[in-house]
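Here the structure is laid out as structure tokens; the discussion comes afterwards.
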Amino acid sequence: MIRFTNVKKTYDNGTKAVNGISMLISNGEFVFLVGPSGSGKSTILKMLTGEEPITSGSIVADGFDLIRIKANRIPYLRRKLGVVFQDIRLIEKKTVEENLEFALRVVSAPQDGIDARVDYVLDLVGLTDKKQCYPRELSGGEQQRVAIARALVNNPSTIIADEPTGNLDPERSLDIMLLLERINKLGTTILVVTHEQRLVDQFNKRVVYLEEGRIVSDQENGCYDYEKK
Ligand SMILES: Nc1ncnc2c1ncn2[C@@H]1O[C@H](COP(=O)(O)OP(=O)(O)OP(=O)(O)O)[C@@H](O)[C@H]1O
Ligand SMILES: [Mg+2]
Numbered sequence: 000m001i002r003f004t005n006v007k008k009t010y011d012n013g014t015k016a017v018n019g020i021s022m023l024i025s026n027g028e029f030v031f032l033v034g035p036s037g038s039g040k041s042t043i044l045k046m047l048t049g050e051e052p053i054t055s056g057s058i059v060a061d062g063f064d065l066i067r068i069k070a071n072r073i074p075y076l077r078r079k080l081g082v083v084f085q086d087i088r089l090i091e092k093k094t095v096e097e098n099l100e101f102a103l104r105v106v107s108a109p110q111d112g113i114d115a116r117v118d119y120v121l122d123l124v125g126l127t128d129k130k131q132c133y134p135r136e137l138s139g140g141e142q143q144r145v146a147i148a149r150a151l152v153n154n155p156s157t158i159i160a161d162e163p164t165g166n167l168d169p170e171r172s173l174d175i176m177l178l179l180e181r182i183n184k185l186g187t188t189i190l191v192v193t194h195e196q197r198l199v200d201q202f203n204k205r206v207v208y209l210e211e212g213r214i215v216s217d218q219e220n221g222c223y224d225y226e227k228k
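Per numbering that gives the first Met the number 0, the very first residue in the sequence shown carries number 0; after that it's consecutive.
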């Protein structure tokens with residue numbers, strides 16, 4: 000469960016990026032976070048993952064209180080929250096398999112079971128046959144699927160994705176969203192930021208719409224253009 004309570008964020012240069020948001024995301028939900036450029040979507044995700052400090056209010060994720068969390072606990076939080084970035088951030092000098100093993104090792108997973116876990120997530124994203132490839136040998140969509148596999152490898156409660164389809168063509172974008180939906184059906188909570196209006200409208204999920212750092216609409220079975228409903 001993730002709970003935001005009156006969360007605000009003012010960056011050091013004075014920009015008020017988030018102006019008091021409250022929302023509850025229950026286990027197993029699939030939530031689209033949408034809104035215009037600069038409305039605070041990425042800032043919200045960064046506060047949730049501990050990348051940016053919260054100015055005021057509170058965020059509690061899986062029992063971790065982001066206001067009080069000590070730096071040495073952040074890796075444990077990140078084990079619960081699998082993060083997918085738009086710019087993917089795979090390690091170029093490592094194969095697909097090594098990228099996934101590395102993600103497991105950095106949180107000191109026991110050696111036993113690493114191979115089985117890597118094979119499981121590669122199968123889930125449909126990339127078993129690309130295990131020995133380097134990132135540069137993969138298409139953009141395949142790289143994004145590796146990024147999702149990497150986010151999943153520690154069996155997180157939640158996947159947090161910031162525009163995971165940003166660099167992909169419409170068909171690949173649909174594939175990624177369908178993959179996230181499948182992962183959600185297996186029990187993982189999904190929070191995804193996207194500008195893909197067509198996909199949001201097609202998926203009939205909860206849609207949280209932000210404007211100038213505030214939630215202006217939060218609807219089950221929502222559509223991107225919330226005023227239409
Ligand atoms: N590190 C930073 N320092 C200062 N201001 C920032 C920083 N990061 C973001 N901002 C500002 O905070 C506001 C919200 O930015 P944020 O990146 O959260 O928006 P966004 O909704 O993710 O936009 P986009 O759809 O373009 O990715 C913007 O006005 C942005 O300029
Ligand atoms: Mg953003």
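Backbone N, C-alpha and C fix where the C-beta goes; we use that ideal spot for every residue, glycine too. These figures come from a predicted structure and were not determined experimentally.
Discussion item. If we require 3 or more residues per run, which beta strand (DSSP E) segments fall completely within the segment 20 to 105?
Written reply: For the beta strand (DSSP E) assignment, the uninterrupted runs of no fewer than 3 residues enclosed by the segment 20 to 105 are, from N- to C-terminal side, 29 to 33, 55 to 60 and 80 to 83.
Fill in: Whole runs of the beta strand (DSSP E) within the segment 185 to 223, excluding any shorter than 3 residues
The qualifying runs are 188 to 192, 205 to 210 and 213 to 218.
Discussion item. Tell me the DSSP secondary structure of Asp161 in three-state form.
Written reply: The answer is strand: DSSP assigns Asp161 an E or B state.
Item to complete: Could you say which of Asn12, Phe63 and Ala146 lies nearest to Asp86 if we only look at CA atoms?
Response: Out of Asn12, Phe63 and Ala146, Ala146 has the C-alpha closest to the C-alpha of Asp86.
Worksheet item: Which partner residues does Lys130 have in the DSSP bridge list?
Response: According to DSSP, Lys130 bridges with nothing at all.
Worksheet item: Are the CB atoms of Glu91 and Lys130 nearer to each other than 9 angstroms?
Response: No, these two residues do not count as a Cβ contact at 9 angstroms.
Fill in: Residue from Ala150, Thr54, Tyr75 and Glu210 whose Cα sits closest to the Cα of Tyr10
Residue Thr54 is the option with its Cα nearest to Tyr10.
Worksheet entry | Whether Val124 touches Leu167 by CB criterion (9 angstroms) | It is not a contact, given that the beta carbons lie outside the stated cut-off.
Worksheet item: Distance, Cα to Cα, Val82 vs Asp61?
Response: The C-alpha of Val82 lies about 15 angstroms from the C-alpha of Asp61.
Worksheet item: When the distance is taken between beta carbons, is Arg78 closer than 9 angstroms to Asn153?
Response: Cβ atoms of Asn153 and Arg78: closer than 9 angstroms.
Worksheet item: With respect to 8 angstroms, is the separation between the Cβ of Ile43 and the closest non-hydrogen atom of ligand 1 below this value?
Response: At least one heavy atom of ligand 1 is nearer than 8 angstroms to the Cβ of Ile43, so yes.
Worksheet item: Using a threshold of 8 angstroms, is the CB atom of Lys40 nearer than that to any non-hydrogen atom of ligand 3?
Response: In terms of ligand content, the structure shown lacks ligand 3 and carries ligand 1 and ligand 2 instead.
Item to complete: For Asn98, count neighbouring C-beta atoms within 10 Å of its own C-beta (all shown protein chains included) and say buried if the count is 16 or more, exposed if not.
Response: Answer is buried; the Cβ neighbour count reaches 16.
Discussion item. Ligand 1 and Ala36: does the residue's C-beta get closer than 8 angstroms to at least one heavy atom of that ligand?
Written reply: Here residue 36 turns out to be Ser, not Ala, going by the sequence shown. The answer is yes for Ser36.
Worksheet item: Between the Cα of Ile73 and the Cα atoms of Gly56, Glu100, Asn12 and Lys45, which residue gives the shortest distance?
Response: When each option's Cα is compared against that of Ile73, the closest is Lys45.
Worksheet entry | Local Cβ density within 10 Å of Gln110, reported as buried at 16 or more and exposed below that | Gln110 comes out exposed.
Worksheet item: What do you reckon, are the CB atoms on Arg197 and Gly221 nearer than 9 angstroms?
Response: 9 angstroms or more divides the Cβ of Arg197 from the Cβ of Gly221.
Worksheet item: What residue does the alpha helix (DSSP H) around Arg2 start on, and which one ends it?
Response: Taken as a continuous stretch (DSSP letters only), Arg2 belongs to no alpha helix (DSSP H), being part of the beta strand (DSSP E) at Ile1 to Thr9.
Worksheet item: Can you list, in chain order, the residues of its chain whose CB lies under 6 angstroms from that of Tyr225, leaving out five sequence neighbours each side?
Response: These residues qualify, in order along the chain: Tyr208 and Ser216.
Practice prompt. Since I believe Leu76 is in contact with Phe84 (beta carbons under 8 angstroms), could you give me their beta-carbon distance rounded to a whole number of angstroms?
Written response: Not confirmed; about 17 angstroms, so no contact.
Discussion item. Any heavy atom of ligand 1 inside 8 angstroms of the beta-carbon of Asp11?
Written reply: Yes, Cβ of Asp11 sits closer than 8 angstroms to a heavy atom of ligand 1.
Fill in: Residues bridged to Asn18 (per DSSP)
DSSP lists Lys7 as partners of Asn18.
Worksheet item: Thinking C-beta only, is Thr188 closer than 9 angstroms to Gly49?
Response: Not in contact: Gly49 and Thr188 (Cβ atoms no closer than 9 angstroms).
Practice prompt. Could you check if Arg135 is buried or exposed, using at least 16 other CB atoms within 10 Å of its CB as the buried criterion?
Written response: Arg135 is exposed by the Cβ-count criterion.
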